[in-house]
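Visitor:
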Amino acid sequence: MIDILLSKKFEYEAIFLSNRKSDENLAKKIDNSVQTNVQYQQQIGIIQSTMNNMQIENQNLKQEIQEKSELLQKIEKSELQIYEDNKKLKNDIEKYLQLIQQNNREKFTYEQKINQQQIKILNLEQEIQILEKKCINEIQNKNKGFNIRQQGLDDEEEDEYNN
C-alpha cells in the first residue's frame, strides 16, 4: 500500500511538474502573446494615425478639388463671357468700319462737289474780272466820249463867252 501511495505520489509529482512546465510554457506563450498584442496595438495605433492623416489629406484634396472645380467653372464662365464680348466687339468694329467707309465715300463725294464748286467760283471770278475789265473799258470809252463831248462843249462855251 505504501508502494501504491508512493507511486501515486510520484505520479502526482510528475503530473505536477509536467503541469508546472506546461504552466510555464503557457505563461511564456501568454507573455509572448501579450507582447505581440502590444506590438499589434502599437501598429494599429500607427495605422489608425496614418488613416486619420490620410482622411484629413483626402478631405483637404476633396476641398482643393472643389475649389479648383469652382475656379475652373468661373474661368469657363469668364472665357465664355470674353468670347461673347469679343464677338460683340468684332460686330461693333465691323459696323464702325462700314460707317467709316461710308463716311469716307461721302467725304470723297463732298470733296468732289466742293472742288466742282471751287472751279465754278474760280470761273465766276474770272468772268467777273473779265466783266469788270469790260465795264472799266466801257466806262473809260464812255468817259473818253464824254470828255471829248465835254471838251467840245467847253470849247463852244468858251467861244460863246469870247464872242
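Read the sequence shown against my numbering and you will find it ends at 178, with the numbers running on by one and no gaps.
Glycine is no exception: its CB is placed at the ideal position from the N, C-alpha and C atoms.
Remember, predicted model here, so these are calculated numbers, not experimental data.
Between the C-alpha atoms of ARG120 and ILE154, what's the straight-line distance to the nearest angstrom?
Guide: 49 angstroms
Visitor: DSSP on MET69, reduced to helix/strand/coil?
Guide: Look at MET69 here: in three-state DSSP terms it is helix.
Visitor: Please report the straight-line C-alpha distance between LYS83 and MET69, rounded to a whole angstrom.
Guide: 20 angstroms
Visitor: In whole angstroms, give me the CA-to-CA distance for LEU139 and GLN127.
Guide: 18 angstroms
Visitor: Have a look at ILE143 and LEU104 and give me their C-alpha separation to the nearest angstrom.
Guide: Taking C-alpha positions only, ILE143 is separated from LEU104 by approximately 56 angstroms.
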